[in-house]
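Number 191 in this note's numbering belongs to position 8 of the sequence shown; there are no gaps in the numbering.
Built from N, CA and C at the ideal position, the CB exists for glycine as well.
For reference, the structure discussed in these notes is given below.
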Amino acid sequence: MAHMEQVRVIKRYANRKLYDTRDSRYVTLDRIAELVRNGEEVKVLDNRSKRDLTKVTLAQIIYEEQKSGNATAWSVRSLRDFIQEGRERLFSTLKDGPVGKLVGRAEELGAEVREAADDRVRALLEGAAAHVKQLQAEVARLQERIEELERKVRQTADRSQRKHDSAEPPE
Numbered sequence: 184m185a186h187m188e189q190v191r192v193i194k195r196y197a198n199r200k201l202y203d204t205r206d207s208r209y210v211t212l213d214r215i216a217e218l219v220r221n222g223e224e225v226k227v228l229d230n231r232s233k234r235d236l237t238k239v240t241l242a243q244i245i246y247e248e249q250k251s252g253n254a255t256a257w258s259v260r261s262l263r264d265f266i267q268e269g270r271e272r273l274f275s276t277l278k279d280g281p282v283g284k285l286v287g288r289a290e291e292l293g294a295e296v297r298e299a300a301d302d303r304v305r306a307l308l309e310g311a312a313a314h315v316k317q318l319q320a321e322v323a324r325l326q327e328r329i330e331e332l333e334r335k336v337r338q339t340a341d342r343s344q345r346k347h348d349s350a351e352p353p354e
């Protein structure tokens with residue numbers, strides 16, 4: 184399981200000893216290989232120059248495992264292809280293998296989630312638009328009612344004024 188902590192720094196001393204700064208102890212290439220297999224992010228630095236030796240150390244681990252016969256994952260063909268075609272070959276292998284399938288499935292799921300979210304937003308907007316139309320219709324009805332009431336008030340005021348005018352004695 185990968186640690187959520189920062190990168191584990193391994194210092195390489197001039198005498199070629201490797202020192203794990205997190206655990207405060209010397210480690211072997213086998214221990215570094217174990218850390219990497221367990222998902223640890225490892226960085227190997229030259230203690231004096233601070234130069235990053237991670238790639239060289241990982242290549243050395245592969246070499247030592249091949250030399251001892253402990254590694255079966257790297258065939259001669261895959262190592263040759265890696266050297267000849269470099270990163271592109273590695274990426275292609277990853278893309279076409281289980282990792283690529285996981286990435287493809289993740290992309291499919293992402294598209295499904297986006298589509299579902301779009302559908303939900305569309306439904307919400309359509310519902311809101313219908314509600315706005317209802318409110319607009321209600322406002323229009325209220326406006327008509329207000330205009331009708333204003334007419335009645337004017338008519339009543341006009342009648343009242345006429346009555347008042349007719350009730351006054353002429354001068």
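query                                                                                                  : result
Ile215 beta carbon less than 9 angstroms from that of Thr240                                           : yes
According to DSSP, residues forming a beta bridge with Lys226                                          : Val192
Simplified DSSP assignment, three categories, for His235                                               : It should be pointed out that residue 235 corresponds to Asp in this sequence rather than to His. Strand.
Boundaries (first-last residue) of the beta strand (DSSP E) holding Asp203                             : Leu201 to Asp203
Straight-line gap, Gln189 to Val225 (C-alpha atoms, nearest Å)                                         : 9 angstroms
Close beta carbons around Ala311, own chain, < 6 angstroms, minus the five adjacent residues each side : none
Straight-line gap, Lys284 to Lys194 (C-alpha atoms, nearest Å)                                         : 37 angstroms
Rounded separation between Asp229 and Leu218 - CA only                                                 : 19 angstroms
Distance, Ser232 Cα to Arg263 Cα                                                                       : 32 angstroms
DSSP state of Glu327 mapped onto helix, strand, coil                                                   : helix
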